[in-house]
Amino acid sequence: MKKTLLECVPNLSEGRDPLALQALYLQLSQLPELQILDHSADSDHHRSVWTWVAPPEVIEQALMCLFHWAEKQIDLRKHQGAHPRIGAVDVIPLIPIQGISKHEAVAFSKALAARLAKRFQLPIFLYEASATQAQRRNLASIRQGQFEGLSEKLKQPAWFPDFGPAQPHPSLGATALGVRDFLIAFNLCYGAQELASVKELARRLRASNGGLPAVKALGLWLPQRQKSQLSFNLTDFRVTSLQDLIQAVLKQGAELGITPEAGEIIGLIPAAATWPGFETALKLSDRRDVVLEHHLRKI
C-alpha cells in the first residue's frame, strides 16, 4: 500500500539570514519522514520558499516546528521586501500527491488551520479549494493591504479570519492556508532602466486585466540586484502553458522594446509543464533539477 503524501510549499518572510535558514533546515531534517525537496531564499523579496513532501501528520509536525522558529526569528513590524505579505509564515499551500483526495486534503487543511491558529494565537485565512467564502479563493484578495493594513482589514466582518483572533499576531501577522493545484512561480529579470516597461508588460499579461488566463503578474524593483523583475504565478499550466507564457512575454516585450536577461523557477514544477529545451527557452540561470517527479522518485 502506497503512503499518503501531501506536498507543502510554505512561504516564509525571511530571505536575508542564511544562518537562521540553515538552522531551520537542520531542525526540519530531524523529522524522519519529511522530505525537503527544495528550498530557496531571495534577499530582495526577503522571502524563502520551501517544498516538502510527507504524510499529513508529518507535515503538521513540520509546520509546528516552522512556526516556533518564526516566533523567534521574524518580526513583521521590522520586515520590508519586494514581495507582498501578511505574515511571517505568509502562505501554506497543500497539494495532494498520493493516497489522498482533494476532499480529504481540504478536511485536513481545516483541522490543521484550527490547531495552528489556537496554538500560536494568530489569524488564519483558508484560501483556494479550502476557502469558505468566494472572495477568499484568490490569495491576492487576502493579501490586499498587506501586513500594514491587516489590523483595519480584520475589523471588517467580511474579513474575520476563519480561525484565530480578529487581530494580527504582533510579530507573526496572519497566515493563508489551503489546498490548491500545482502553481508555477516563474520570474524574469530585466535591466535597471526598464521597470516602467516591465510593469506595463505585467499589466498586459495578467488575467485580471484581460491578459492570459490563469496568469498573475507583477512588475517589481530588486534593489540589491539593481534589476527590474517580472514575477509570475501560473495558477493552471493546463489553461495557459509555460511555453505559451514565455512566447507572449517575448512577443509583447518586443513591442515595448525589452528582452529578459535571465529567468528562474521558484520551487518545483510538474513534468507535464515542461518540454524539451524548456530550460533554455525560459532562460533559466540556475540549472538545478526543477521537475517535481524527478525528486519524488527518490522517496
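Going by my numbering, the sequence shown runs without a break in its numbering and finishes at 299.
Glycine included, every Cβ here is placed at the ideal spot set by N, Cα and C.
message = Between the alpha carbons of Val-249 and Pro-165, how many angstroms are there, rounded?
response = Counting from 1 along the sequence shown, the entry for residue 249 is found at position 249. Counting from 1 along the sequence shown, the entry for residue 165 is found at position 165. Looking at the backbone, the Cα of Val-249 and that of Pro-165 are separated by about 42 Å.
task = Could you pull the start and end residues of the beta strand (DSSP E) that Lys-338 belongs to?
result = Lying before the first or after the last residue shown, residue 338 is absent from the chain, which here runs from 1 to 299.
task = Using the Cα positions of Leu-220 and Val-198, report the straight-line distance between them to the nearest angstrom.
result = On the sequence shown, position 220 is the one that residue 220 refers to. On the sequence shown, position 198 is the one that residue 198 refers to. Spanning the two alpha carbons is a distance of roughly 8 Å.
Sequence-distant residues of its chain with Cβ nearer than 7 Å to Ala-114 (five each side left out) = Taking the first residue of the sequence shown as position 1, residue 114 is located at position 114. Same-chain partners within the cutoff: Phe-163.
key: Nonlocal neighbours in the same chain, by C-beta distance under 7 Å from Lys-300, ignoring five residues either side   = Since the first residue shown for the chain is 1 and the last is 299, residue 300 is missing from the structure and cannot be characterised.
message = Quick check for students: name the residue ranges of the alpha helix (DSSP H) that lie wholly in the stretch 113–159, counting only runs of 4 or more.
response = Counting only runs of 4 or more, we get 139–143 and 150–153.
message = Am I right that Gly-211 and Leu-218 are in contact with their C-beta atoms under 8 Å? What's the rounded C-beta distance?
response = Here residue 211 is taken as the residue at index 211 of the sequence shown, counted from 1. Here residue 218 is taken as the residue at index 218 of the sequence shown, counted from 1. Rounded, the Cβ-Cβ distance is 13 Å, inconsistent with contact.
task = Counting only the same chain and skipping the five closest in sequence on each side, list residues whose C-beta sits under 6 Å from that of Val-290.
result = As a first step, residue 290 is located in the sequence shown; it is residue number 290 there, counting from the start. The residues are Ile-265, Leu-268 and Ile-269.
ask   = Taking just the CA atoms, how far does Val-91 sit from Val-9?
value = Reading the sequence shown from its first residue, position 9 is the one you call residue 9. Reading the sequence shown from its first residue, position 91 is the one you call residue 91. One C-alpha to the other measures close to 8 Å.
request  = Within its chain, find whatever has a CB closer than 7 Å to the CB of Leu-150; leave out the 5 residues flanking it on each side and keep chain order.
outcome  = By one-based count along the sequence shown, residue 150 stands at place 150. Around Leu-150: Ile-86, Pro-168, Gly-173 and Ala-174.
message = Quick check on DSSP: helix, strand or coil for Gly-253?
response = Counting from one through the sequence shown, the residue named residue 253 turns up at place 253. Helix at Gly-253.
Close beta carbons around Asn-209, own chain, < 7 Å, minus the five adjacent residues each side = Position 209 of the sequence shown, counted from the first residue, corresponds to residue 209. So the list reads Arg-203, once near-sequence residues are dropped.
ask   = When DSSP labels each residue in this structure, what does Arg-77 get in the three-state scheme?
value = Indexing the sequence shown from 1 puts residue 77 at position 77. Correct three-state label for Arg-77: helix.
inquiry  = Give me, in chain order, the residues of the same chain whose beta-carbon lies closer than 8 Å to that of Gln-252; leave out the 5 immediate sequence neighbours on both sides.
reply    = For the purposes of this step, residue 252 is taken as the residue at position 252 of the sequence shown. The answer, listed in chain order, is Leu-201, Arg-204 and Leu-205.
ask   = Do you know how far the Cα of His-46 is from the Cα of Ala-82?
value = Along the sequence shown, read from residue 1 onward, the residue named residue 82 stands at position 82. Along the sequence shown, read from residue 1 onward, the residue named residue 46 stands at position 46. Computed Cα separation, rounded: 7 Å.
query = Quick one: Cα of Glu-71 to Cα of Ile-142, how far?
reply = The residue labelled residue 71 in the question sits at position 71 within the sequence shown. The residue labelled residue 142 in the question sits at position 142 within the sequence shown. Just so you know, the alpha carbons of Glu-71 and Ile-142 end up roughly 22 Å apart.
task = Would you mind giving the Cβ-Cβ distance between Leu-116 and Phe-186, rounded to the nearest angstrom? I have them listed as a contact below 8 Å.
result = Taking the first residue of the sequence shown as position 1, residue 116 is located at position 116. Taking the first residue of the sequence shown as position 1, residue 186 is located at position 186. Actually they do not touch by this definition, with Cβ atoms about 29 Å apart.
query = Is Val-215 near Phe-232, with beta carbons less than 8 Å apart?
reply = On the sequence shown, residue 215 is found 215 positions in, with the first residue counted as 1. On the sequence shown, residue 232 is found 232 positions in, with the first residue counted as 1. A contact, by the Cβ cut-off of 8 Å.
inquiry  = Nearest by alpha-carbon distance to His-39: which of Val-49, Leu-222, Leu-31 and Ala-281 is it?
reply    = Residue mapping note: residue 39 aligns to position 39 of the sequence shown, counting from 1. Out of Val-49, Leu-222, Leu-31 and Ala-281, Val-49 has the C-alpha closest to the C-alpha of His-39.
task = Grab the span of the alpha helix (DSSP H) containing Pro-18 for me, first residue to last.
result = The count along the sequence shown starts at 1 and reaches residue 18 at position 18. Counting along the chain, the unbroken alpha helix (DSSP H) around Pro-18 starts and ends at 18–28.
task = For His-295, name the three-state secondary structure that DSSP assigns.
result = Position 295 of the sequence shown, counting from 1, holds the residue named residue 295. Under the three-state reduction of DSSP, His-295 is assigned to helix.
ask   = Where does Leu-234 fall in DSSP's three states?
value = Numbered from its first residue, the sequence shown carries residue 234 at position 234. Leu-234 falls in the strand class under three-state DSSP.
task = Would you decide whether Tyr-25 is buried or exposed? Buried here means 16 or more other CB atoms lie within 10 Å of its CB.
result = Position 25 of the sequence shown, counting from 1, holds the residue named residue 25. With fewer than 16 other beta carbons inside 10 angstroms of its own, Tyr-25 counts as exposed.
Selection from Arg-119, Phe-278 and Phe-182 that minimises the alpha carbon distance to Leu-234 = On the sequence shown, residue 234 is found 234 positions in, with the first residue counted as 1. Comparing Cα-Cα distances from Leu-234 to each of Arg-119, Phe-278 and Phe-182, the minimum goes to Phe-182.
request  = Compare the beta carbon distance of Gly-257 and Ser-228 with 8 Å and say whether it is the shorter of the two.
outcome  = The sequence position of residue 257 within the sequence shown is 257, counting from 1. The sequence position of residue 228 within the sequence shown is 228, counting from 1. With respect to the 8 Å criterion, Gly-257 and Ser-228 are not classified as neighbours on the basis of their beta carbons.
ask   = Could you check where the alpha helix (DSSP H) with Arg-204 kicks off and where it finishes?
value = To locate residue 204, count along the sequence shown from 1; it is residue 204. DSSP places Arg-204 inside the alpha helix (DSSP H), whose first and last residues are 195–205.
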